[in-house]
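Residue numbers (this note's numbering): 94 to 345.
Comments concern the structure below.
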């Protein structure tokens, strides 16, 4: 076997293993399985396409092309892995945020002081990790928030409401929701969010966004106070169809 053929064969085998490991190697952030719409993301699908092209090139004896396709397939598989990790982390944080805010609203700080204190520490860790995009630690800390508050009940014995869930928009579509990020790193506020591509692309539409979400704010009369982790609904401006969560890496 000549050198270029051997190299192509080796890279093809390695990249194929990496690509198809993506379909089952990412552990879910909670008991729920990873949604197929997240797992089969554009990066993963492109890695599969490039892997097939690498195989075809190898079979026809174009070893240089096979090597290059395999290399690109591996890169896209790694991007897919990072995409899934971020999505799972955001989903875990959203669940933790929802449970933590609810626990505070039912007096958990005084009724379950130890559990609430543990949850507060983990929640702060999740926020810090989220600021620096340390997705593994976001997931870990968020899950510790949920574990700490698992036995917390409302004053009438009611359970916590079902947590929200992040789902990506349909391919090529516009998002229906936006998760507010930390102001210090993103500048997220109604003015800036309204101006983002995929939202409205127009800062002056901030009030429509605010009016649709003001009841989610700590002070509904203050549009300048919106907490990180708050999931905003994005109302349609001109009857456009929207679905899923805004993705900072997507092109709208």
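We treat Cβ as the ideally placed atom computed from N, Cα and C, and that holds for glycine.
Judged by DSSP secondary structure, residue 220 falls within the alpha helix (DSSP H) whose first and last residues are 206–224. At the C-beta level, residue 274 and residue 321 come within 8 Å of one another. Per DSSP, the continuous alpha helix (DSSP H) segment holding residue 187 begins and ends at 156–198.
Judged by their CB atoms, residue 291 and residue 205 are not nearer to each other than the 8 Å cut-off.
Residue range 228–241 is occupied by the alpha helix (DSSP H) that includes residue 239.
Take residue 309, set aside five residues on each side of it, and the residues of its chain with a beta-carbon closer than 6 Å to its own are 323, in chain order.
Checking the DSSP bridge columns, you'll see residue 146 has no partner listed. According to the DSSP assignment, residue 272 belongs to no alpha helix (DSSP H) but to the beta strand (DSSP E) extending over 270–272. In the DSSP assignment, residue 310 is bridged to no other residue.
Residue 301 and residue 338 have their alpha carbons spaced roughly 18 Å apart. A direct Cα-Cα distance of roughly 37 Å separates residue 160 from residue 224. Counting C-beta pairs closer than 8 Å gives fewer than three between the stretch 162–169 and the stretch 224–233, which falls short of the contact rule.
In the three-state DSSP reduction, residue 300 falls in the helix class (H, G or I). The residues 189, 193 and 238, in chain order, have a CB closer than 7 Å to that of residue 216 in the same chain once the five nearest residues on each side in sequence are set aside.
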